[in-house]
Amino acid sequence: PYIAKLGPDTLDETTTAAEVEARTLSAPFRRRQFATLLLDQGFLGGIGNYLRTEILYVACIHPGQRPTDCTPEQIAAFAEAALVLPQQSYRHNGITNDLALAAHLKQTGYRRRDYRHWAFGRQGQPCHRCGETITKIMIGGRRCYICPQCQSVSRS
Ligand SMILES: [Zn+2]
């Protein structure tokens, strides 16, 4: 009964982005905030709190947005990131940042906690994409990190 309630496993390589996209826009999920949706194992399996931050950052979605508020481009970016990031993290020792960028930052003396992620745990530091300061917020009862510029609600 527990297993039956789980959403598709993001680490299962047979799960497709089209499947995730359709599920995200389906009636049970499309009007819920991404912040809480991503912590619900009934939506997608295998996403912990740091992956919630990283997936939304990569897809340029504010955690307070709902699927129904997003553009088709954001939903497509979300579906891809929801599979690519957990699988990359699993294979590459928890790194969710761009692998080339992470390797470069490591070579230039960054500590693991500063090169591992795009946004998670990086409050007060510059966004790797736009230079804006990463901010920590509490949403869905858990900490989440956003770039106020890349994940601005007015973008959609
Ligand atoms: Zn940014």
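Each residue of the sequence shown is one higher than the last, beginning at 39 in the numbering used here. Think of the CB as a built atom: it goes at the ideal place given N, C-alpha and C, for glycine as much as any other residue. Treat the numbers as computed from the prediction; the structure is a model and nothing was measured.
N- and C-terminal bounds of the beta strand (DSSP E) containing residue i
{"i": "Tyr183", "result": "180-184"}
{"i": "Lys174", "result": "173-177"}
Residue burial classification, residue i (beta-carbon count within 10 angstroms, cutoff 16)
{"i": "Pro124", "result": "buried"}
{"i": "Glu92", "result": "buried"}
{"i": "Gly84", "result": "buried"}
{"i": "Gly45", "result": "buried"}
{"i": "Thr48", "result": "buried"}
Near ligand 1: residue i beta-carbon under 7 Å from a heavy atom
{"i": "Glu17", "result": "Examination of residue 17 is not possible in this model, given that the chain is present from 39 through 194 alone."}
{"i": "Glu170", "result": "yes"}
{"i": "Gln187", "result": "yes"}
{"i": "Arg167", "result": "yes"}
Nearest residue (CA-CA) to residue i, options the options
{"i": "Lys43", "options": "Arg70, Asp78, Val58", "result": "Asp78"}
{"i": "Pro105", "options": "Gly159, Cys182, Pro66, Glu92", "result": "Pro66"}
{"i": "Arg180", "options": "Pro186, Arg150, Gly102, Asp47", "result": "Gly102"}
{"i": "Thr52", "options": "Ser190, Gln189, Leu121, Gly159", "result": "Leu121"}
{"i": "Gln163", "options": "Lys144, Tyr183, Met176", "result": "Tyr183"}
Bounding residues of the alpha helix (DSSP H) (the contiguous stretch that carries residue i)
{"i": "Ile93", "result": "87-96"}
{"i": "Leu82", "result": "Counting along the chain, Leu82 falls outside any alpha helix (DSSP H), and DSSP gives it neither H nor E."}
Check your understanding: Would you say the segment 125-140 touches the segment 152-168, given that touching needs at least three Cβ pairs under 8 Å?
Key -> Yes: the two stretches touch, three or more of their Cβ pairs being nearer than 8 Å.
**Study point:** Cβ contact check for the segment 135-148 and the segment 167-176: 3 or more pairs under 8 Å
**Key:** Using a C-beta cut-off of 8 Å, the segment 135-148 makes no contact with the segment 167-176, since fewer than three inter-stretch Cβ pairs fall below that distance.
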